[in-house]
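What follows is a short report on a single structure.
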Amino acid sequence: EAGVAQSPRYKIIEKRQSVAFWCNPISGHATLYWYQQILGQGPKLLIQFQNNGVVDDSQLPKDRFSAERLKGVDSTLKIQPAKLEDSAVYLCASSPISDGRRAFFGQGTRLTVV
Amino acid sequence: RKEVEQDPGPFNVPEGATVAFNCTYSNSASQSFFWYRQDCRKEPKLLMSVYSSGNEDGRFTAQLNRASQYISLLIRDSKLSDSATYLCVPYTGRRALTFGSGTRLQVQP
C-alpha cells in the first residue's frame, strides 16, 4: 500500500516570499491533517479536512496560511508571506476514520525561511 | 498547565539497559493513549496503543495511571535501533491527535 506522499521534501525561501506544499493521502482515506513540527517540539495540528470540508482550523494562522483539499483527495498548504518563525517541518497525515486514531504520516516538507 | 508534558531527555543508556519514560496529561477525559516513535528527520510512526491499564508488545510495555494522570513507556533490553524520540499522545476523542514534545532516547554501544 502506498503511503502518504508529500512534496517537495525540502524548501528554502526568503522571508516575505510565498511557498506551497502538496500532499497526496493514502487512497481511500477521508481524513487529512496538516501538522507543523518546529525543531524540538511535537507536531502541532494546523488543519483537519474530512473529505473536502474543513473540520478544524482553529490553530491555523489564517492571516498567512491557507489550505485546500479540492475534490477531497490531494491537498495543498500555502504560506504567504513567510516569516522566519515558519521554519519547521510540515507533516501531512491521513486516516481512514474521522477520529484520528489511525493516522499515517508522510515524510514531511522541511521549510527553512532565511 | 500544558496538555501533555514529557521529559525531553536525552536519556543516554547502554545497550541492554531498561529505560522508562513518563508522560503526564492534563485532560482527565482522555480515553486512550498512544506512543509514537520518531526517528531523526523522519515522520512519527505509531508504536503502541493503550486503551485500558496498559499494554505490552515484546520489549515495550506501556502503563497507564489514570488517578495520577500519567502514562509510562518501559523499554527492556534496549537496542541501538531504539534510539529515537518517543512522543506521548493522550486521546480525548477529539478528532485530531495532540502530541507531547517527546522524549529523546540515545542507546549507546
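Order-wise, the sequence lines are chains A and B. Letter by letter, the first sequence follows residues 1 to 114 in this note's numbering. Letter by letter, the second sequence follows residues 1001 to 1109 in this note's numbering. Glycine is no exception: its CB is placed at the ideal position from the N, C-alpha and C atoms. Just so we're clear, the structure is a prediction, and the values are computed from it rather than from any experiment.
_Using a Cβ-Cβ cutoff of less than 6 angstroms, which residues in the same chain neighbour P43 of chain A once the five nearest sequence positions on both sides are dropped?_
Y35, Q37 and L91
*Distance CB(I97 of chain A)-CB(V19 of chain A) smaller than 9 angstroms*: No.
*Take D57 of chain A and list the residues in its own chain whose beta-carbon comes closer than 8 angstroms to its own, dropping the five residues that flank it on each side.*
L46, I47, Q48 and A67, listed in sequence order.
*To which residues does DSSP link N1012 of chain B through a beta bridge?*
Under the DSSP definition of a beta bridge, N1012 of chain B partners with B:Q1106.
*Closer than 7 angstroms, Cβ to any Cβ of chain E: which residues of the stretch 46-72 of chain A, in chain order?*
Of the chains in the structure shown, none is chain E; the protein chains are A and B.
*Between the Cα of I1075 of chain B and those of B:Y1025, B:V1107 and B:S1032, spot the shortest distance and give me the residue it belongs to.*
B:V1107
*Residues of its chain near S27 of chain A, where Cβ-Cβ distance is below 6 angstroms and the 5 sequence neighbours each way are ignored*: none
*Is any beta-carbon of chain B found at less than 9 angstroms from that of F105 of chain A?*
yes
_Can you check whether the C-beta of R1041 of chain B is within less than 9 angstroms of a C-beta belonging to chain A?_
yes
_Considering just the uninterrupted stretch of the beta strand (DSSP E) at N1027 of chain B, what are its terminal residues?_
For N1027 of chain B, no beta strand (DSSP E) run applies, since DSSP gives it neither H nor E.
*Q17 of chain A CB to nearest chain B CB: under 9 angstroms?*
no
*asked:* Do F21 of chain A and L84 of chain A have their beta-carbon atoms positioned less than 9 angstroms apart in this structure?
replied: no
_Counting only Cβ pairs nearer than 8 angstroms, list the residues of chain A close to G1100 of chain B._
In chain order, G42 make up the part of chain A whose C-beta sits under 8 angstroms from the C-beta of G1100 of chain B.
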